[in-house]
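K.L.:
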Amino acid sequence: MAAINAELWVENVGEAMAWYESVLGFTWVRPESRENVSHGEMRIENSNSLVFNDTLPGPGAVDVVLEQLTHGYPRGTGLVLLIELNETDIDGYYDQVTARSVKIVEPLADRFGGRARMFRIEDPYGFILTFIKRRNVT
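When you read off a place in the sequence shown, starting at 1, and then add 21, the result is the number in this note's numbering.
1) For Val-118, collect the residues of the same chain with a Cβ closer than 6 Å to its Cβ; drop the 5 residues on either side in sequence, then sort them by chain order.
2) Rounded to a whole number of angstroms, what is the C-alpha to C-alpha distance between Arg-51 and Gly-134?
3) Classify Lys-124: buried if its beta carbon has 16 or more other beta carbons within 10 angstroms, exposed otherwise.
4) Would you list the one or two residues that DSSP bridges to Trp-40?
5) I need the boundaries of the alpha helix (DSSP H) containing Thr-119, first residue and last residue.
6) Three or more beta-carbon pairs under 8 Å between the stretch 22-37 and the stretch 139-153, yes or no?
7) With a threshold of 9 Å between beta-carbons, can Ile-142 be considered close to chain D, or not?
8) Per DSSP, what are the beta-bridge partners of Asn-74 in this structure?
9) Can you tell me whether Val-58 is buried or exposed, with buried defined as 16 or more other CB within 10 angstroms of its CB?
10) Between which two residues does the beta strand (DSSP E) harbouring Phe-152 extend?
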């Protein structure tokens, strides 16, 4: 089965991953060492990986994308990460996240006629994350 993973380019991968771990509860998948991290992967629950890469220029297409990022839209524009929480109590998770002074873009509320609860935040790197928990409503 194919998987789609989001790849976030940040200026300090280790710092970004530490923020996602301590503030949002993501777990490190790779690398095992946390020293001089330029690429890494994280997960929440049993989700696909969230991949972090250093924005230092590299060969090929990376340079082209970096050029577009520096002369076009700000990082994170046009991209919203949707994170479905299946096992986690979203109300309790929201309380934990807001207690850590995270920038709330949309507060926790029922959506889609009560079929889901969700909230949105902005991380320190400009990416918008939507956390959603679907309900089995008949």
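Ideal Cβ positions, reconstructed from N, Cα and C, are used throughout, including at glycine.
P.N.:
Checking against the coordinates, here is how it stands:
1) Residue 118 sits at position 97 when you count from the first residue of the sequence shown. The beta carbon of Val-118 lies closer than 6 Å to none in the same chain, with the five residues before and after it left out.
2) Numbered from 1 along the sequence shown, position 30 holds the residue referred to as residue 51. Numbered from 1 along the sequence shown, position 113 holds the residue referred to as residue 134. When rounded, the separation of the alpha-carbon atoms in Arg-51 and Gly-134 is 39 Å.
3) The residue labelled residue 124 in the question sits at position 103 within the sequence shown. With fewer than 16 other Cβ atoms within 10 Å, it is exposed.
4) In the sequence shown, the residue the question calls residue 40 occupies position 19. Residue pairing from DSSP leaves Trp-40 without any beta-bridge partner.
5) As a first step, residue 119 must be located in the sequence shown, where it is residue number 98. Start and end: 111-120.
6) Yes, the stretch 22-37 touches the stretch 139-153.
7) Protein chain content of the structure displayed is limited to a single chain, and chain D is not contained in it.
8) Residue mapping note: residue 74 aligns to position 53 of the sequence shown, counting from 1. Beta-bridge pairing links Asn-74 to Trp-30 and His-60.
9) Looking up residue 58 in the sequence shown gives position 37. That one is buried.
10) Locating residue 152 in the sequence shown gives position 131, counting from the first residue. Per DSSP, the unbroken beta strand (DSSP E) holding Phe-152 starts and ends at 149-155.
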